[in-house]
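Input: a single structure, listed below in structure tokens.
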Amino acid sequence: MQIPPVPGGLPSQLLARRPDLIAAEYRVLEAYDLVGQAKLAQLPTINLTGRGGTASFQLTDLLKVFTLSFVPSINIPILDPSVRAHVKTTEAQTTVAEQQYRSTVMNAFEEVENALVNLDSHTKQRVELQQEVDQLTVVAAQIDAQLKEGVISQLEVFETERTLLAAQLALLANHQQILSDTVTLYKALGGGWPTVDVQSASKDGLK
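In structure tokens form, the structure reads like this:
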């Protein structure tokens, strides 16, 4: 299986596609909206109600609001302790949402960093393991030739083949680990990386 290469200079904007970051951001925006609504509820309201119970007036009627025939009802919620408490509650919820968002962002960066470190480590290890397999393959061919010439015994051939098989299995395990690291990085980035040259794209975005 071909392992897709990881381009250098991956932009941090890729993290914005992560579902957990999107959800955390929406929670912050929702908290901001609730605070705004709570503060808006503190504004005073005036109910224009006539003695007869009617609430439909002409402009000339509104100019007579302080006459004996018309008494406005003024409600000032900001003086209500429960309203002020609700504002404080929504503000506290906003603080919690902001902290959760920061924590989610830091966790996302940590997951990406760990995935990149593991992928880099196993990729370097693959080079060493491949070299070992190549060397042992050459040795195995030489041993096989010597066996045909009667220089060595079959036991030595078995020992060489056993060592080569162990090296090949180690290389296969390394390949599987790199695949796992790549999948982990895909998930950490919220869906992989673009096929374009991200280094050029990052430079263009800074212009």
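Residue numbering for the sequence shown follows my numbering, starting at 888 and increasing by one per position. Just so you know, even glycine gets a beta-carbon here, dropped at the ideal spot from N, CA and C.
Within the same chain, Cβ atoms closer than 7 angstroms to the Cβ of VAL1044 are found at ILE1030, ASP1031, LEU1034, the five residues on either side in sequence being excluded. C-alpha of ARG971 to C-alpha of ALA918: approximately 16 angstroms in a straight line. Excluding its 5 nearest sequence neighbours in each direction, LEU1076 has C-beta neighbours in its own chain below 6 angstroms: LEU901, listed in chain order.
GLY923 carries a helical assignment under DSSP once its states are collapsed to helix, strand and coil. Only residues of its own chain outside the window of five on either side were considered, and among them LEU1023, ALA1027 have a CB closer than 6 angstroms to the CB of LEU1051, listed in chain order.
In this structure HIS1009 is in contact with ASP1068, their Cβ atoms being roughly 6 angstroms apart against a cut-off of 8 angstroms. ARG904 carries a helical assignment under DSSP once its states are collapsed to helix, strand and coil. The Cβ atoms of LEU908 and THR991 sit closer than 8 angstroms to each other. Under a 10 Å Cβ-count criterion, TYR913 is classified as exposed, with fewer than 16 other Cβ atoms of the shown protein chains found around its own Cβ.
By the Cβ neighbour-count rule, LEU916 is exposed, with fewer than 16 other Cβ atoms within 10 Å of its own. Contact between LEU1006 and LEU1058 fails: their C-beta atoms lie close to 16 angstroms from each other, not under 8 angstroms. Distance from the CA of GLN1063 to the CA of ARG1013, rounded to the nearest whole angstrom, comes to 11 angstroms. For GLU985, the CB contacts under 7 angstroms within the same chain, skipping 5 residues up- and downstream, are VAL915 in chain order.
Counting along the chain, SER1067 sits inside the alpha helix (DSSP H) bounded by residues 1041–1075. Judged by DSSP in its simplified three-state form, VAL1038 adopts coil rather than helix or strand.
Between GLU1019 and ALA1054 the beta-carbon gap is near 5 angstroms, inside 8 angstroms, which marks them as a contact.
Around the beta carbon of VAL1004, a 10 Å sphere encloses fewer than 16 other beta carbons of the protein chains shown; the residue is thus reported as exposed.
In chain order, ILE1030, GLN1033 place their CB closer than 7 angstroms to the CB of ILE1039, counting only its own chain and leaving out the 5 sequence neighbours on each side. In this structure, GLN987 places its C-beta atom within 8 angstroms of the C-beta atom of ALA911.
GLN1017 and THR977 have their C-alpha atoms roughly 59 angstroms apart.
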